[in-house]
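>
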Amino acid sequence: MASGPFPRTVLVNGGAGFLGSHLCERLLQAGHSVVCCDDFSTGRRENIRHLLSNPRFRVMEHDVREPYDVAASLIFNFASPASPPDYQRDPVGTLLTGVLGALNALDLARRNRATVVQSSTSEVYGDPLQHPQQESYCGNVNPIGPRGCYDEGKRCAETLFFDYHRKYGVDIKVGRIFNTYGPRMRLDDGRVVSNFIVQALQNQDMTIYGDGRQTRSLCYVDDLIEAFMRFSGAGSDCIGPINLGNPVEIPVLQLAELIRDLTNSRSRIVHLAAAVDDPKQRRPDISRAAEELGWRPRVSLRDGLEKTIRYFDAVIGQAATEGRE
Ligand code: NAD
Ligand code: UDP
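Here our numbering is used: the first residue of the sequence shown is 2, the next is one more, and so on.
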């Protein structure tokens, strides 16, 4: 089993978020005890409600910018707003979550002699001039633009991870996540998949920022979590950085058309102003993940979107029923 032969106490920072809640679930399934640490700023109690009856699951409401102590031997640092509207709402807070969140997780790992796993991001490559992006590429980030608070926080976090590794021998793992989607994304998080699905299901205009020729490569959540289980497991001595994502690339306009087709929607596709510093193309080179972890994504974009559409449809239906009651 990828996550190690013996049960561990695992701390998941950001465990009530989209990715964190799936990770908590998989770790519990693998027999571990899980402490979910979250300040519920962009995450939701609803995401972890089904785990609360498990005696091996505990929730700790805490802001990771403040130090803490948990007797964990494996730490996942997934606490950070991730959607551009979320992370731009409080840019200073986002930057500090990136930096102090990493520092506090590293200090805990150092004290506990634990392994610490960082949820880094394709945003460390900024608006990339190399395509597809390999881990050796140092990126093209605008430090003073509106995305800088997130991108530079995550870049600084990577620096801290590698310095703690070199200087103090901390066991680190740095995974660079490329756009991931699936059930438990917030309907209103502002990311492209959630926006398009919600708009299409309600026959509202589907909003393309710019001409829609910019590309993304979208990974289904189950594939990404499988990658992190392998990466953090006893079988892997890879410390990264390692790209984790699906290399199938699609222009945003084509994504809107695909979602409109899959939902049988009557939505119009409309173009709004392009987002500032929006990366024009993004696709991970995942050769390192294939080689080091024996991993590659299994879920096709169409299948992943269909599962996600079913989830959003159910949530919208439930909200409508509650509104009528
Ligand atoms: P999310 O917003 O759903 O989850 C983030 C969680 O962290 C939320 O539960 C939030 O309440 C919590 N959080 C935020 N700031 C906190 C703080 N200061 N203290 C404690 N908890 C805090 O986002 P997500 O998509 O699940 O992203 C999880 C991680 O993965 C993030 O670190 C993000 O940067 C990274 N990531 C995600 C993607 C993606 O496509 N989903 C891509 C690249 C990187
Ligand atoms: N996007 C869009 N319409 C939306 C939301 C996003 O055209 O309603 C575009 C956005 O400009 C970007 C891409 O979709 O080019 C991915 O955006 P998202 O916010 O999901 O992720 P990120 O920009 O962080 O990759």
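By construction, the Cβ of each residue, glycine as well, lies at the ideal position given by its N, Cα and C atoms.
These figures come from a predicted structure and were not determined experimentally.
#1: For the structure I just gave you, are there three or more beta carbon pairs, one from the segment 239 to 247 and one from the segment 39 to 51, closer than 8 Å?
#2: If you count every other CB in all the chains shown that lies within 10 Å of the CB of residue 319, and 16 or more means buried, which is it?
#3: Confirm the yes/no value for this check: CB of residue 103, any heavy atom of the ligand NAD, distance under 7 Å.
#4: If you draw a straight line from the C-alpha of residue 10 to the C-alpha of residue 29, how long is it?
#5: DSSP beta-bridge partners for residue 250?
#6: Where does the unbroken alpha helix (DSSP H) through residue 195 begin, and where does it stop?
#7: Considering just the uninterrupted stretch of the alpha helix (DSSP H) at residue 311, what are its terminal residues?
#8: Would residue 195 be called buried (16 or more neighbouring beta carbons within 10 Å of its own) or exposed?
#9: Compute the minimum distance between the beta carbon of residue 163 and the heavy atoms of the ligand NAD, and state whether it is under 7 Å.
#10: Output needed for residue 169: all residues of its chain with C-beta closer than 6 Å, excluding positions within five of it in sequence on either side, in chain order.
#11: Can you list, in chain order, the residues of its chain whose CB lies under 7 Å from that of residue 307, leaving out five sequence neighbours each side?
#12: Taking 8 Å as the cut-off, decide whether the C-beta atoms of residue 12 and residue 103 are in contact.
#13: Can you tell me which of the three DSSP states residue 2 falls into?
#14: Is it true that the segment 198 to 205 meets the segment 156 to 172, where meeting means three or more beta-carbon pairs spaced less than 8 Å apart?
#15: Report buried or exposed for residue 87, applying the criterion of at least 16 other Cβ atoms within 10 angstroms of its Cβ.
#16: Flag residue 43 as yes when its Cβ comes closer than 7 Å to any non-hydrogen atom of the ligand NAD, and as no otherwise.
#17: Should residue 98 be listed as close to the ligand NAD, given that the test is whether its C-beta is under 7 Å from any heavy atom?
#18: Within the 8 Å Cβ cut-off, does residue 111 reach chain B?
#19: Does the segment 52 to 69 come into contact with the segment 116 to 123, if we say contact requires no fewer than three beta-carbon pairs (one atom in each stretch) closer than 8 Å?
#20: Does the ligand UDP have a heavy atom nearer than 7 Å to the CB of residue 84?
#21: Please classify residue 229 as buried or exposed, where buried requires at least 16 other C-beta atoms within 10 Å of its C-beta.
#22: Using CA coordinates, which residue listed in 114, 193, 217 is at the minimum distance from residue 70?
#23: Of all the options 209, 95, 172, which has the alpha carbon lying nearest to the alpha carbon of residue 237?
#24: State the CB to CB distance for the pair residue 150 and residue 95, rounded to an integer number of angstroms; the pair is presumed to be in contact (CB under 8 Å).
#25: For residue 298, write down the residues that DSSP places opposite it in a beta bridge.
#26: Report the residue ranges of all alpha helix (DSSP H) runs contained in full by the segment 123 to 179; include only those spanning at least 4 residues, in chain order.
#27: Is it right to say residue 23 is buried, meaning 16 or more other beta carbons lie within 10 angstroms of its own, or is it exposed?
So, from the listed chains and residues:
#1: Too few Cβ pairs lie closer than 8 Å, so no.
#2: Looking up residue 319 in the sequence shown gives position 318. Counting of Cβ neighbours within 10 angstroms places residue 319 among the exposed residues, the total staying below 16.
#3: Translated into the one-based positions of the sequence shown, residue 103 becomes position 102. Residue 103 Cβ: outside cutoff for every heavy atom of the ligand NAD.
#4: As a working note, residue 10 is residue 9 in the sequence shown. As a working note, residue 29 is residue 28 in the sequence shown. In a straight line, the C-alpha of residue 10 is about 10 Å away from that of residue 29.
#5: Residue 250 sits at position 249 when you count from the first residue of the sequence shown. DSSP, once it has assigned bridges, lists 218 as partnering residue 250.
#6: The residue given as residue 195 occupies position 194 in the sequence shown. From DSSP, the alpha helix (DSSP H) with residue 195 extends over 193 to 202.
#7: Along the sequence shown, one-based indexing puts residue 311 at 310. That run of the alpha helix (DSSP H) goes 302 to 325.
#8: As a first step, residue 195 must be located in the sequence shown, where it is residue number 194. Under this definition residue 195 is a buried residue.
#9: Mapped onto the sequence shown, residue 163 falls at position 162. Residue 163 Cβ: outside cutoff for every heavy atom of the ligand NAD.
#10: As a first step, residue 169 is located in the sequence shown; it is residue number 168 there, counting from the start. 111.
#11: For this step, residue 307 is matched to residue 306 along the sequence shown. Closer than 7 Å at the Cβ level, and outside the excluded window around residue 307, lie 263.
#12: In the sequence shown, counting from the first residue as 1, residue 12 sits at position 11. In the sequence shown, counting from the first residue as 1, residue 103 sits at position 102. No, the Cβ-Cβ distance between residue 12 and residue 103 is not below 8 Å.
#13: In the sequence shown, counting from the first residue as 1, residue 2 sits at position 1. Only weak support exists for where residue 2 lies, its pLDDT of 34 falling under 50; the value from the coordinates is given anyway. Here residue 2 carries a coil assignment [DSSP, helix/strand/coil].
#14: no
#15: Within the sequence shown, residue 87 is the residue found at index 86, counting from 1. Result: buried.
#16: Translated into the one-based positions of the sequence shown, residue 43 becomes position 42. Yes, Cβ of residue 43 sits closer than 7 Å to a heavy atom of the ligand NAD.
#17: The count along the sequence shown starts at 1 and reaches residue 98 at position 97. For the ligand NAD, at least one heavy atom lies less than 7 Å from the Cβ of residue 98.
#18: The chain inventory of the structure shown lacks chain B, comprising one protein chain alone.
#19: no
#20: Numbered from 1 along the sequence shown, position 83 holds the residue referred to as residue 84. Answer for residue 84: yes, Cβ within range of the ligand UDP.
#21: Residue numbering aside, residue 229 sits at position 228 when the sequence shown is read from its first letter. In the assembly as shown, residue 229 is a buried residue. Its beta-carbon has 16 or more other beta-carbons within 10 Å.
#22: Here the question's residue 70 lines up with position 69 in the sequence shown. Closest by alpha carbon: 114.
#23: One-based indexing of the sequence shown puts residue 237 at position 236. Of the candidates 209, 95, 172, the one whose C-alpha sits nearest the C-alpha of residue 237 is 172.
#24: As a first step, residue 150 must be located in the sequence shown, where it is residue number 149. As a first step, residue 95 must be located in the sequence shown, where it is residue number 94. At roughly 4 Å, the Cβ-Cβ gap stays under 8 Å, so residue 150 and residue 95 are in contact.
#25: Sequence index remark: in the sequence shown, residue 298 carries index 297 (1-based). Paired residue(s): none; residue 298 is not in a bridge.
#26: 149 to 169
#27: Taking the first residue of the sequence shown as 1, we reach residue 23 at position 22. Buried, since its Cβ has 16 or more Cβ neighbours within 10 Å.
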